[in-house]
Amino acid sequence: MPERRRRERLPLIQMDARIRVKKKLFSSSWEEVNVCDFTRLGLAVVGEHDFKEGETVTLSLRLSTEVGDITAEQVEAIVRNSRVGDEGTIFGMEFVENQKSSITESLGRIESVLSRFRKVTDRMRERSV
């Protein structure tokens, strides 16, 4: 059957992230953050909380696609830098190297899916020009 759409439909993909924020000595809460970019080595997020450079944080990541989700829970990262952007403060974070192997594997899978997704969208843009 011939394609009826004017433009080819892109696969759906969504990255959700939460970060554990310590409230008091023994209490914490999870806050949603927006992911700006991602690699298996680190990520950049925009959030409401004021993280300090050198601070170690715990993240929960979920990449949702049409064929299923890839999750990485209890991911530790170190805040490396921050800068003010259009959406708010952007925090650059580097993942801690000695994570559980399942976490490292999930981070690699997330990077792989995002990389393939970017290549598909780039090809789609080239065709439409």
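Numbering-wise (this note's numbering), the sequence shown opens with residue 3 and increments by one. No residue lacks a Cβ here, since even glycine has one placed at the ideal position from N, Cα and C. What you are looking at is a predicted structure, and each value in this text was computed from that prediction instead of being measured.
- Per DSSP, reduced to three states, the secondary structure at K121 is helical.
- Assignment of beta strand (DSSP E) within the stretch 47 to 106, counting only whole runs of 3 or more residues, yields 58 to 67, 70 to 86, 91 to 97 in chain order.
- For the pair I112 and F53, the CB atoms are not nearer than the 8 Å cut-off.
- G70 sits exposed, since fewer than 16 C-beta atoms from the chains shown fall within 10 Å of its C-beta.
- Burial state of V86 is exposed, judged by a 10 Å Cβ sphere holding fewer than 16 other Cβ atoms.
- In the displayed model, R22 falls within a strand according to three-state DSSP.
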